[in-house]
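Student: Below: one structure in structure tokens.
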Amino acid sequence: MRSKISRGVVFAILCLIGISTVYPLIFMALNSMRTTQAFELNPFGLPTHLTLSSYTALFSTVPFLQSILHSLFVVVPAVIMATLASSLAAFVFTKVPVKMGNVLFWTMLMIMFMPGIVVLLPLYVEVARTGLANNFAPAIFIYTAINIPYGTYLLRSNFRAIPDSVVEAARVDGASWFKIFVRVILPIGKPGIITVGILTFLNIWNDLFISLVLLHAPNTEMVTPTLAQLSGKYTSNIPVLMAGLLLGALPTLILYFATARVFIRGMLSGAVR
Amino acid sequence: MEGRTPLQTPLSQRNRKKRNLFSYFALLPAAVLVLGLMVIPIGATVWHSFTNWDGVSSTFIGFKNFELIFHNPIIYQVLTNSLIFLISVPLILAASLVAAVLVYEKVLGWRLFRFLFFIPMVLSPVIVGVLFSTFFLPGGAVDQVLRIFGLGNFSWLGNPWSARIVVILALVWASFGFGMVVLLSAMSTVDTALYDAAAIDGASWWRRLRSITIPMISGSLQFLSVINVIYTFTSLFAFVYVITAGGPGFSTTTVDYYTYITTFENGQFGYGAALALLLFLIVLTLTVAQVKLFPHREVQQGS
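Going down the list, the protein sequences come from chains A and U. For what it's worth, this note's numbering labels the leading residue of the first sequence as 543, then goes sequentially. For what it's worth, this note's numbering labels the leading residue of the second sequence as 39, then goes sequentially.
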């Protein structure tokens, strides 16, 4: 396997897979800047002259930028709350022996892979009944709750790697549990917590089901339902569709590119299982 | 929980009280949210699966919903579809394994490849789905490539089997990055001395892969298999919604998508609750079956 030829083969296959994961982004970017006619003539062609008309068409037909803001408005608080609640719970589960802690943990583990619709069905009816349909608050709290079990599960295995002796030493020095959490667990567990935060962000930003069911009015619609709707309207106008896809993907792509170092290391450290 | 050792220093009564108080406060947010917005709703769904709930009023009707489900021919079609979509699981495992094994060879630029392979996982199933349906439009990108080989336009999404293939391809493309990372993480724990010893014994690269790498990461492979089976049943909604809308006919409708239609578009909440519960039971059975079928494997990967 150390021969040059076999390494060349490995490299070539990696390049092929790499192209398959990157090319769609290039396809979206290039075709969003071409006219429909140019696209239909040759979807793989390079743009001869770039135009931003698809973007103006996108903004004039659907409230696209608003939908991005709506998504941010829901996702950011949900990510913060879910990550914080998960960190606190995982801390107790690993470092603070407490009665009933096991019951809560096993409950979370059991409902972790519950199909979303089992949970959402009664919540939807309750939200509609109380007149909170198309209100951001229920969506924020439901997204928070649904992401807590997985986050807690991941952070629990993460915090377990922190030696108990560190916590004990702080206890002997007279530090309160809260202080230990803030001063010891948060700094040491930071890479894991950031990884879980990013995963939670991706989960919520990319979800279609809950946002589609809970926030369907135009003035509350999040970005994924807007994109899904756009694809129904614009199958004939691919450049407009591509403009929407690219803008919808941009926040998660930026987050990934900006944090890749920490995120990939966090994922590789076995944090995902 | 067995990995937790109780604190060595004896704590005074007052300390213990404090510790309890802190634990309760720390667990409160997670407990309240999970109980209120997950456990209680699950209970409500279980209860309402025995009622004719329409979202406003409900009366207990026993097992009527389940009877209706088992007399509904569409259900059998939908369940068959989900079973067909399970083809994606071995494909995802294979693609993840190939990507992980090749990245692990650490050839030129392997860090970059690892970074790039993860991109699909960052994208929403909505974006992946719309992208794939665009590629497979009649006269679209895929047809243009096929035209080079003298093949004409083909209605990929208008044909049950080709529509399923498009959904499966989208799913595999979106999922292999996560699989790769899980496998890479498992491979990094394998003792390199094993490889060195095997190399001295003259074991080929292929032999080392089969006899060392794959057995050592079998726990992670099983984990991925379980996760992806669950995912196939519970999370294809977004892919199906944007790629085929369940069609043509019901040929790509999955259980979760069908439950969505009956519940949120037709307003049959009791019936939908029964369907949702059925979905949960299927997932639970498949998960337990997979863990029971390979009980020895899980032991190897004590995390």
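For glycine and all other residues, C-beta sits at the position ideal for the given N, C-alpha and C.
(1) Apart from the five residues on each side of it in sequence, which residues of its chain come closer than 7 Å, Cβ to Cβ, to residue 95 (chain U)?
(2) Going along the stretch 208 to 228 of chain U in order, which residues come within less than 9 Å of chain A, judged by CB to CB distance?
(3) Note down, in chain order, all residues in the stretch 730 to 751 of chain A with a beta-carbon under 8 Å from any beta-carbon belonging to chain U.
(4) Does the beta carbon of residue 42 (chain U) sit closer than 8 Å to a beta carbon anywhere in chain A?
(5) Using 8 Å as the threshold, is the C-beta distance between residue 726 (chain A) and residue 610 (chain A) below it?
(6) Just to confirm my understanding: we take residue 801 (chain A), look at its own chain, exclude 5 residues before and 5 after, and list those with CB closer than 8 Å. What are they?
(7) Using a C-beta cutoff of 8 Å, does residue 297 (chain U) count as contacting chain A?
(8) Please classify residue 579 (chain A) as buried or exposed, where buried requires at least 16 other C-beta atoms within 10 Å of its C-beta.
(9) Quick one: which chain U residues come within Cβ less than 7 Å of residue 672 (chain A)?
(10) Residue 61 (chain U) and residue 638 (chain A) - do their beta-carbons sit closer together than 8 Å?
(11) How many angstroms separate the CA atom of residue 148 (chain U) from the CA atom of residue 138 (chain U)?
(12) Rank A:760, A:795, A:614 and A:660 by C-alpha distance to the C-alpha of residue 82 (chain U) and give the top, closest one.
(13) Hey, out of U:69, U:108, U:103 and U:162, whose CA is closest to residue 744 (chain A)'s CA?
(14) Which residues of chain A have a Cβ atom closer than 8 Å to the Cβ of residue 332 (chain U), listed in chain order?
(15) Measuring only between beta-carbons, confirm whether residue 576 (chain A) sits less than 8 Å from chain U.
(16) Can residue 780 (chain A) and residue 615 (chain A) be called in contact, C-beta distance under 8 Å?
(17) Starting from residue 237 (chain U), follow the alpha helix (DSSP H) in both directions and report where the run begins and ends.
(18) Hey, is residue 656 (chain A)'s beta-carbon within less than 8 Å of any beta-carbon in chain U?
(19) Is residue 683 (chain A) close to chain U? Criterion is C-beta to C-beta, closer than 8 Å.
(20) Under a Cβ-count criterion, where at least 16 other Cβ atoms within 10 Å of its own Cβ denotes burial, should residue 319 (chain U) be classed as buried or exposed?
(21) What is the rounded straight-line gap between the Cα of residue 124 (chain U) and the Cα of residue 331 (chain U)?
(22) How about residue 294 (chain U): is its C-beta nearer than 8 Å to some C-beta of chain A?
(23) In the DSSP output, what is residue 98 (chain U) paired with across the bridge?
(24) Hey, does residue 321 (chain U) have any beta-carbon neighbour from chain A nearer than 8 Å?
(25) Anything in chain U within Cβ reach of residue 811 (chain A), meaning under 8 Å, just list it in chain order.
Tutor: Based on what the coordinates show:
(1) none
(2) Flagged, chain order: 211, 214, 215, 216, 219, 220, 222, 223, 224, 226 and 227.
(3) 744, 747, 748, 749, 750 and 751
(4) Caution applies to residue 42 (chain U), whose pLDDT of 44 falls short of 50 and renders its modelled position unreliable; the model cannot decide the point.
(5) No, the Cβ-Cβ distance between residue 726 (chain A) and residue 610 (chain A) is not below 8 Å.
(6) Counting only residues of its own chain and dropping the five nearest sequence neighbours on each side, residue 801 (chain A) has a CB closer than 8 Å to the CB of 736 and 740.
(7) Yes, its Cβ sits closer than 8 Å to a Cβ of chain A.
(8) exposed
(9) Those do not exist, as residue 672 (chain A) stays about 13 Å from chain U at its closest Cβ, beyond 7 Å.
(10) yes
(11) Those two C-alpha atoms are separated by around 10 Å.
(12) A:660
(13) Considering only alpha carbons, the answer is U:162.
(14) Chain A residues near residue 332 (chain U): none, gap ~15 Å exceeds 8 Å.
(15) no
(16) no
(17) 230 to 238
(18) Yes - at least one Cβ of chain U is within 8 Å of the one on residue 656 (chain A).
(19) yes
(20) exposed
(21) Straight-line Cα distance between these residues: approximately 17 Å.
(22) yes
(23) U:89
(24) yes
(25) Under a criterion of Cβ atoms nearer than 8 Å, the residues of chain U adjacent to residue 811 (chain A) are, in order, 223.
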